[in-house]
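See structure below.
Residue numbers (my numbering): 59 to 465.
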């Protein structure tokens, strides 16, 4: 009996494993539906009536604005009324927005569709549900699986996006996202268990929750990092597809030939870094290194954005850093957050994340409208330098956080 008890403590139960894998599938489908448009959007949107570089950037990033505005309310409402009803609603809104975007023949309708897509702001609630349905000793493992699913969705989307654009077009890509959202609703209903009612906090929707979250400098530090990471991502992909097609002479439907080897190599490097962390028992050990790599990628883009081999090397450096940080930061925050306000806390994190998406898309579009293409990478350099300065100033606090988490 003692052996069985130990097994229950150190291994996931069948329910935990089913919930975790089901949520991993939902997050994969949702993120794939979001990411698959990224490598083709700036070129696809140029064909829409009334498009300009600035409006393309706004349409690219406005998804992040509505996400940012609604992440905290959705997260806090999920603390009060439960995760699954809020996630159902968010997935439905995302699907409606996708239908509008798929029918867009002007940049203004596209703006509307992308904004409604973003109103399905359930990223934080999904992450909170993952934490709810797993015991604390399995949470890092669960978050690692979720991080892997996001990384897989990201990589597969960048490979499939250019290929699908050549066959079903941009409107077809948006419809694919709608279908995946509907499939996610079915998966959530049939395969994910309901967390215990005792996990709900009837007083969760309060400004005190926000004050306590913003008072935690460690969470704010990590949230600022995710803001910068996604601002750089969106600004980069306003111009990188254009750079590969117009400057490096690689047609859009062949971009996957760059993304495939680059993403496979970057995932291998990310796995190596995370494996090293586990051996050293120091989660986040390579956080500073990843920020430095991010900075180096922006410098590479600035100087060698017209050379295909240099772009591929820059993308490898960028995606290695991005994949590592995208997996590490939410894992750290989910453990730092208190259980009965986790939805609200992860809502704050997601608000920073999607604010970065909006800011990067808008600023990248404005810079590209009024300045030369390389100027967009100057924005990336500035943001990466600011993050590196923040990491260096908070290095001691970060180390304390990591040690506490891994004890």
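Where is the CB? At the ideal position from N, CA and C, for every residue including glycine. On a predicted model such as this, the values are computed, not experimentally measured, just so you know.
Burial state of residue i, where buried means 16 or more other Cβ atoms lie within 10 Å
| i | result |
| --- | --- |
| residue 193 | exposed |
| residue 312 | exposed |
| residue 78 | buried |
| residue 261 | Its pLDDT being 44, under 50, residue 261 is placed unreliably in this model, and the value from its coordinates should be taken loosely. So residue 261 counts as exposed. |
| residue 437 | buried |
| residue 413 | buried |
| residue 381 | buried |
| residue 103 | buried |
| residue 69 | exposed |
| residue 283 | buried |
| residue 247 | exposed |
| residue 143 | exposed |
| residue 333 | exposed |
| residue 111 | buried |
| residue 252 | exposed |
| residue 430 | exposed |
| residue 343 | buried |
| residue 367 | exposed |
| residue 447 | exposed |
| residue 355 | buried |
| residue 72 | exposed |
| residue 48 | The chain is shown only over 59 to 465; residue 48 falls outside these bounds and no answer can be derived. |
| residue 271 | buried |
| residue 304 | exposed |
| residue 451 | exposed |
| residue 181 | buried |
| residue 281 | buried |
Range of the contiguous alpha helix (DSSP H) that encloses residue i
| i | result |
| --- | --- |
| residue 138 | 111 to 139 |
| residue 346 | 345 to 362 |
| residue 163 | First-last for residue 163: undefined, no H or E at that position. |
| residue 388 | 366 to 394 |
| residue 299 | 275 to 300 |
| residue 76 | 72 to 93 |
| residue 194 | Counting along the chain, residue 194 falls outside any alpha helix (DSSP H), and DSSP gives it neither H nor E. |
| residue 235 | 227 to 249 |
| residue 442 | 433 to 451 |
CB of residue i within 8 Å of CB of residue j, strictly
| i | j | result |
| --- | --- | --- |
| residue 156 | residue 175 | yes |
| residue 297 | residue 426 | yes |
| residue 171 | residue 179 | no |
| residue 85 | residue 231 | no |
| residue 124 | residue 210 | no |
| residue 202 | residue 389 | yes |
| residue 286 | residue 445 | yes |
| residue 94 | residue 215 | yes |
| residue 289 | residue 418 | yes |
| residue 449 | residue 349 | yes |
| residue 185 | residue 420 | no |
| residue 371 | residue 392 | no |
| residue 234 | residue 91 | yes |
| residue 80 | residue 245 | yes |
| residue 243 | residue 149 | yes |
| residue 109 | residue 299 | no |
| residue 361 | residue 320 | no |
| residue 117 | residue 75 | no |
| residue 441 | residue 369 | no |
| residue 416 | residue 151 | no |
Identified DSSP bridge partners for residue i
| i | result |
| --- | --- |
| residue 107 | 164 |
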